[in-house]
Amino acid sequence: SFISFTLPESMLLASIMSSTDSASVFSILRSKGVSLKNNIRPLLELESGSNDPMAFMLTIIFLNMSMTGHFGVLSFFLKLLTQFGIGAACGYGIAKATLFFLNKVHFESRSLFHILLLASLFFTFSFTDLIGGNGFLAVYISGLVIGNSKKQCDGSVYTFFDGIAWLSQLVLFLSLGLLVNPTDLISFDIVAIGLVISFAMIIISRPFSVFLSLLPFKGIGTKTKHYVSWVGLRGAVPIVFATYPLIEGQVNAGLMFNIVFFTTIISLMVQGTTVNFAAKKLGLDNNNYSNLP
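Last residue of the sequence shown? That's 293 in my numbering, and every number before it is there in order.
See the structure below:
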């Protein structure tokens, strides 16, 4: 028989699965030597970076709701505004303070600049979370502000944090792999629900949300919208968020984790293997000189 989820549990599962991973898309495109037209890259980066904080916030809210059975509309929106307001303010404020200090101090070793920025990142998340804000949003905004401002160590910073990003991904996937039992992933319920969710996300909900969101932007062409709709890959973030119900001891946490893991694999297999083909087919590859309609 199929698994039965309550409405709060279904909303929790949807929140966990809502985060996309643009880094996977760009990694695949780079490996194939594909460069995207029409400013698609910054659009995907903005989407991927901004939907993580929202996915985190919704995951926490619906996790609490699924465990307590209580949900207040007013408290929901109040918490949402508080988390995002404090997160945005802390991210911007700490970033400006970091930049001021970064451009005033003179270290003998340039490596100390990297350590300072890394410490600022941890402080931003911890402090924001401590006072009730969204730490992920704070770190994201802080990165935007610092990354687009002049600083003493511009060139080497990107190389340093690229290495940190790769190290984090390796540790993350190793840790997540230890939580997975392969025999659970091939059970009928997990496979059936995972395939239905994958189909619904890739074919229905993702294109609908993309076209609806980009409706006010008349300069974005139909082919670009189709491509953005197709490359909504799920990466490590949904799997990380799926561990939250496990930690809290939610009743169906194990089932949710396996569904999320299976769905992520399907997304990477179906969408991940075709992002290069889709770019060329839609004429969005800079190396493809076919005319766009």
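By construction, the Cβ of each residue, glycine as well, lies at the ideal position given by its N, Cα and C atoms.
Under a Cβ-count criterion, where at least 16 other Cβ atoms within 10 Å of its own Cβ denotes burial, should residue i be classed as buried or exposed?
i    : result
R234 : buried
T128 : buried
T273 : exposed
G132 : exposed
L36  : buried
P293 : Caution applies to P293, whose pLDDT of 39 falls short of 50 and renders its modelled position unreliable; the value that the coordinates give is listed next. When all chains shown are included, P293 counts as exposed.
I186 : exposed
E248 : exposed
D21  : buried
I28  : buried
L282 : buried
R30  : exposed
V139 : buried
F113 : buried
Y289 : With a pLDDT of only 46 at Y289, under 50, the local geometry of the prediction cannot be trusted, and the value read off the model is given with reservation. Under this definition Y289 is an exposed residue.
N103 : exposed
N181 : exposed
W166 : exposed
N291 : Only weak support exists for where N291 lies, its pLDDT of 42 falling under 50; the coordinates are left without a value.
S15  : buried
I204 : exposed
Measuring alpha carbon to alpha carbon, tell me which residue in the options is nearest residue i.
i    : options                : result
A95  : N258, I220, I146       : I146
L284 : A253, H226, S175, V196 : H226
L13  : S198, N276, N39        : S198
M57  : R206, T222, F77        : F77
F173 : I259, T59, I239, S209  : I239
T6   : A55, S66, I40, D162    : S66
N148 : N134, M256, Y92, N258  : Y92
T243 : A278, F208, F188, L176 : L176
L268 : F101, L74, G254, A23   : A23
F208 : G232, L63, L99         : G232
Beta-carbon separation of residue i and residue j under 8 angstroms?
i    : j    : result
S19  : F261 : no
T263 : M11  : no
T124 : S111 : no
L44  : V25  : yes
P245 : F136 : no
I220 : L214 : yes
N38  : T224 : yes
V251 : I40  : no
K190 : N258 : Residue 190 is actually Ile in this sequence, not Lys. For I190 and N258, yes; Cβs fall inside 8 angstroms.
F84  : P8   : no
A279 : V34  : yes
L255 : I60  : no
V275 : I202 : no
Q169 : A236 : yes
I115 : G194 : no
Looking at the secondary structure, which residues open and close the alpha helix (DSSP H) in which residue i lies?
i    : result
D21  : Looking at the DSSP string, D21 is not in any alpha helix (DSSP H), and its letter there is neither H nor E.
H70  : Looking at the DSSP string, H70 is not in any alpha helix (DSSP H), and its letter there is neither H nor E.
M269 : 253-270
K281 : 275-281
F217 : Looking at the DSSP string, F217 is not in any alpha helix (DSSP H), and its letter there is neither H nor E.
M201 : From DSSP, M201 is part of no alpha helix (DSSP H); its letter is neither H nor E.
T6   : Here T6 belongs to no alpha helix (DSSP H), and DSSP marks it neither H nor E.
L284 : Neither: L284 is in no alpha helix (DSSP H) and is coded neither H nor E.
L185 : 182-185
K225 : 222-230
L246 : 236-248
Within the 8 angstroms Cβ cut-off, does residue i reach chain D?
i    : result
M256 : In summary, chain D is missing from the structure at hand, where a single protein chain is found.
Quiz item: In chain order, which beta strand (DSSP E) runs of at least 3 residues are fully inside the stretch 91-179?
Solution: Within the stretch 91-179, complete beta strand (DSSP E) segments of at least 3 residues are not found at all.
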